[in-house]
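Participant: Here it is, the structure in full.
Residue numbers (UniProt numbering): 1 to 251.
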């Protein structure tokens, strides 16, 4: 599987210090941005997608300058101490009950499987819950006929509506199949960093995506956000190794 390299992801959006005084009710998982904004139910789906793509096209300019091209030939080279693996993924279209990632076990805590609407699987480290977690891996499959880059841009728009100060970057892999978005945000007493990789399903009629997220709470929010510019590229590399169930480009 191809991966981004550190020099390919522009860290500029994270250069400005991030304030953490935005008080709002925290979300359980920012994958809900996609569910809330892009998925409105089977009846209104096509109308919503046409409107969404027109809206994205109109706003494409402001988002484009955040993009960084990621060569398809780029590969992840890591030492044994930092090797990333997601056991069980890539061999089946069905997400497993547990994932080993960076030497840590993530267990399935939420599953909603309905191909007519959307499927969502959320994993957190052993001993943690969906109410309070430090890391999360999630997989989302939606019956939306749209380009991955349009989805990423729409997520960025929704992100900025919730937190206008949130830094983000949109990038592609140069293979014509996938793109990604990473961002930091904060609400209430929670700060979060996310990496989403989005791709078309093999039949081209659905969007499949993976999410890797990390969280910090309370007094740890500021040091967590302050440290992101230095950690961000490594986190993108790690998240990009997670194989997306149902994506033919896994290898």
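Don't be surprised by glycine CBs; every beta carbon is placed ideally from N, CA and C. Owing to the predicted nature of the structure, the values given are computational and were not obtained by experimental measurement.
1) Suppose only complete runs of 4+ residues qualify. What are the alpha helix (DSSP H) ranges in the stretch 192-237, listed by chain order?
2) With H, G and I counted as helix, E and B as strand and the rest as coil, what does DSSP make of residue 178?
3) Comparing alpha-carbon positions, which option in 178, 219, 165 and 213 lies nearest residue 326?
4) Which runs of the beta strand (DSSP E), 3 residues or longer, sit entirely within the stretch 115-194?
5) List the whole-angstrom C-beta distance separating residue 216 from residue 224, where the pair is believed to meet the contact cut-off of C-beta under 8 Å.
6) Might you give, ordered along the chain, the residues of its own chain that have their beta carbon closer than 7 Å to the beta carbon of residue 231, omitting 5 neighbours on each side?
7) Pick helix, strand or coil for residue 111, following the three-state DSSP scheme.
8) Go ahead and label residue 192 buried or exposed: buried means 16 or more other beta carbons lie within 10 angstroms of its beta carbon, across all protein chains shown.
9) Name the DSSP bridge partner or partners of residue 243?
10) Do the CB positions of residue 199 and residue 148 come within less than 7 Å of each other?
11) Report yes if the CB atom of residue 256 is closer than 7 Å to the CB atom of residue 178, and no otherwise.
Facilitator: Put simply:
1) Considered as a whole, the stretch 192-237 harbours 221-226 as its complete alpha helix (DSSP H) runs of no fewer than 4 residues, in chain order.
2) What you label residue 178 is simply residue 178 of the chain shown in a count that begins at 1. It is a strand residue.
3) This structure gives no information on residue 326, because the portion of the chain shown stretches from 1 to 251.
4) Unbroken beta strand (DSSP E) stretches of 3 residues or longer found wholly inside the stretch 115-194: 119-125, 135-142, 168-172 and 178-187, given in chain order.
5) Within the chain shown, the letter at position 216 stands for residue 216. Within the chain shown, the letter at position 224 stands for residue 224. A Cβ-Cβ separation of about 3 Å places residue 216 in contact with residue 224 under the 8 Å criterion.
6) Stepping through the chain shown from its first residue, residue 231 is reached at position 231. If the five residues before and after residue 231 are omitted, its C-beta is found closer than 7 Å to no C-beta atom of its own chain.
7) Here residue 111 refers to the residue found at position 111 when the chain shown is read from its first residue. Under the three-state reduction of DSSP, residue 111 is assigned to strand.
8) Numbered from 1 along the chain shown, position 192 holds the residue referred to as residue 192. Classification for residue 192: buried.
9) As a working mapping, residue 243 is identified with position 243 in the chain shown. Residue 243 is not bridged to any residue.
10) Stepping through the chain shown from its first residue, residue 199 is reached at position 199. Stepping through the chain shown from its first residue, residue 148 is reached at position 148. Their beta carbons are under 7 Å apart, which means residue 199 touches residue 148 by this criterion.
11) The shown model of the chain, from 1 to 251, leaves out residue 256, and the question about it has no answer.
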